[in-house]
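Undergrad:
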Amino acid sequence: MIAVSRDVLTKTFRVLRTCGGGARECVAYWTGAADNDFVDCVEHPLHSSSEGGYNVEDRWLTEFWTSLGQSRRSIKAQIHSHPAAAFHSATDDDWPIVSQCGFVSIVIPNFALGAVSLDNAWIGRLRADGKWEQLPLATDVLMLS
Ligand SMILES: [Zn+2]
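Using this note's numbering, the final residue of the sequence shown is 147, and nothing's skipped along the way.
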């Protein structure tokens with residue numbers, strides 16, 4: 003289970019909305035200390051994006067991995083916006099930032115312009131066989147406080 007505060011969720015929606023401007027996808031990463039499951043930071047990567055996808059800048063990513071390692075932190079989940087319905091595209095399936103069993107991916111519909119909530123989000127967890135399992139409820143994997 004990942005523990006996330008309402009404050010982090012609100013910040014995440016703000017990032018997705020502001021960057022996406024109702025016209026482009028955006029992505030953020032939830033991070034926290036590597037030795038527990040508490041999310042205390044929203045990272046907004048340098049990325050390009052369009053209405054139908056996003057690309058994180060390679061150099062930013064390399065530096066991000068280095069800084070995570072140095073500060074003993076890890077990525078708990080990736081969260082990105084879609085133009086309309088929330089689902090995992092083939093690209094989303096194939097290119098998560100972390101491809102480790104149990105990793106959580108969240109997709110927010112309508113460029114995150116709706117209510118700050120995970121009720122209409124797509125939430126999935128990476129299985130050991132490399133396939134994504136969609137979870138019916140956010141509370142299956144998240145503790146919102
Ligand atoms: Zn963005």
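We put the CB at the ideal spot given by N, CA and C, even for glycine.
Should residue 61 be labelled buried (16 or more other beta-carbon atoms within 10 Å of its own) or exposed?
TA: Taking the first residue of the sequence shown as position 1, residue 61 is located at position 59. Residue 61 should be labelled exposed.
Undergrad: Once DSSP output is grouped into helix, strand and coil, what is the label at residue 78?
TA: The residue labelled residue 78 in the question sits at position 76 within the sequence shown. Correct three-state label for residue 78: strand.
Undergrad: Given residue 107, which residues of its chain have a CB within under 6 angstroms of its CB, disregarding the five upstream and five downstream residues?
TA: Here residue 107 refers to the residue found at position 105 of the sequence shown. Only 80, 98, 126 meet the Cβ criterion.
Undergrad: Using only the alpha-carbon positions, how far apart do residue 77 and residue 4 sit?
TA: For this step, residue 77 is matched to residue 75 along the sequence shown. For this step, residue 4 is matched to residue 2 along the sequence shown. Those two C-alpha atoms are separated by around 11 angstroms.
Undergrad: Considering residue 41, what are the terminal residues of the alpha helix (DSSP H) in which it resides?
TA: As a first step, residue 41 is located in the sequence shown; it is residue number 39 there, counting from the start. That residue, residue 41, is in no alpha helix (DSSP H); it is neither H nor E in DSSP.
Undergrad: Give the C-beta separation of residue 114 and residue 19 to the nearest angstrom, bearing in mind that I take them to be a contact with Cβ-Cβ under 8 angstroms.
TA: Position 112 of the sequence shown, counted from the first residue, corresponds to residue 114. Position 17 of the sequence shown, counted from the first residue, corresponds to residue 19. 5 angstroms between Cβ atoms; contact.
Undergrad: In whole angstroms, what is the alpha-carbon distance linking residue 13 and residue 111?
TA: In the sequence shown, the residue the question calls residue 13 occupies position 11. In the sequence shown, the residue the question calls residue 111 occupies position 109. Near 16 angstroms, if we compare the C-alpha coordinates of residue 111 and residue 13.
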